[in-house]
Amino acid sequence: MIFYVILLLVFVMKKKDIILSILGIIFLIVIAFFIASFIHDNNLTDNANKKETESINKEESIVDGVKIPFKTYRVDQKFFLNVPSDFEKLDLDSLNQKYNYSERPGLVFESNDDLKHVLVTNTNETMTDEDLNSYLNSKVSSITNMEILDNKTYNKYNKTFAKLIVIDDKTYYNFRFFTIENKLVTVEFNISLDIYKKWESVINEVMDSICFNEEDIKKYSNE
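Next up, the structure:
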């Protein structure tokens, strides 16, 4: 009788060891699965980020076979903007002479041939992100004697932007409207109509480079 009890105890102990071993194996498999999933997700994220950077830098700004270099400006310590390096920044006297009206731009860059200009205007007009769509619609409805090529609002960097592109018989105008501290800011690239198609990659670089921190502007850097 005692012999059978001992055998039963040995069997139970072995069964317990077997169960513990199985549980241990299952635990290790679960841990390995989670580790593999984590590594896989990180690789996907890295690849996605790499592809995003590659897609941003894929289109080089080339005009007539010449690559256009850019210089980054931090405007009023509020946002970043890339401008072709050979565009001249106008001084205050030049601004007052050339843009002699009430809400003149506070910052202007122009090409040597005076056919291409980048203008930045910090207005006193109160505006929120939610107001931009109505503002754009009002702008569009007030346009006369010009052809509207594009107009829309979109979100980027957790902010709303309004885009407006128009032409008249001489000039192509590309606008971005956005807000900083509940005030309207306008960035404009205007260029002679007969050459704007050659410069589209440059125009896109300038307008797409508008951002608000250093990590984002690095995506548009030539360096």
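Just so you know, we're using this note's numbering here: the sequence shown kicks off at 8 and counts up by one.
Where a beta carbon is used, it is the ideal one built from N, C-alpha and C, also for glycine.
Range covered by the beta strand (DSSP E) that runs through residue i
{"i": "Glu-154", "result": "154-163"}
{"i": "Leu-122", "result": "No beta strand (DSSP E) holds Leu-122; DSSP gives it neither H nor E."}
{"i": "Ile-187", "result": "178-187"}
{"i": "Asn-89", "result": "86-91"}
{"i": "Ile-172", "result": "166-174"}
Cβ-based burial, residue i [other Cβ within 10 Å; buried from 16]
{"i": "Leu-139", "result": "buried"}
{"i": "Pro-76", "result": "exposed"}
{"i": "Val-73", "result": "exposed"}
{"i": "Val-147", "result": "exposed"}
{"i": "Tyr-179", "result": "buried"}
{"i": "Lys-204", "result": "exposed"}
{"i": "Met-153", "result": "exposed"}
{"i": "Lys-177", "result": "exposed"}
{"i": "Glu-212", "result": "buried"}
{"i": "Asn-107", "result": "exposed"}
{"i": "Leu-126", "result": "buried"}
{"i": "Leu-99", "result": "exposed"}
{"i": "Glu-131", "result": "Note that residue 131 corresponds to Asn in the displayed sequence, not to Glu. Looking at its Cβ environment, which holds fewer than 16 other Cβ atoms inside 10 Å, Asn-131 is exposed."}
Coil, strand or helix - residue i by DSSP
{"i": "Ser-199", "result": "strand"}
{"i": "Lys-78", "result": "strand"}
{"i": "Leu-97", "result": "coil"}
{"i": "Tyr-106", "result": "coil"}
{"i": "Leu-143", "result": "helix"}
{"i": "Met-134", "result": "coil"}
Cut-off 8 Å between Cβ atoms - residues of its own chain near residue i, not counting five sequence neighbours on either side
{"i": "Ile-217", "result": "Phe-86, Phe-87, Leu-88, Phe-168, Arg-183, Phe-185 and Val-194"}
{"i": "Leu-122", "result": "Ile-198, Ser-199 and Ile-202"}
{"i": "Ile-224", "result": "Thr-79, Phe-87, Asn-89, Ser-216 and Cys-218"}
Close beta carbons around residue i, own chain, < 7 Å, minus the five adjacent residues each side
{"i": "Val-209", "result": "Ser-68, Val-70, Ile-75 and Pro-91"}
{"i": "Ile-155", "result": "Val-147 and Val-173"}
Start-to-end residues for the alpha helix (DSSP H) that takes in residue i
{"i": "Ile-224", "result": "221-224"}
{"i": "Ile-210", "result": "207-215"}
Same chain, Cβ closer than 6 Å to residue i, five either side skipped, listed in chain order
{"i": "Tyr-161", "result": "Phe-168"}
{"i": "Leu-97", "result": "Val-115"}
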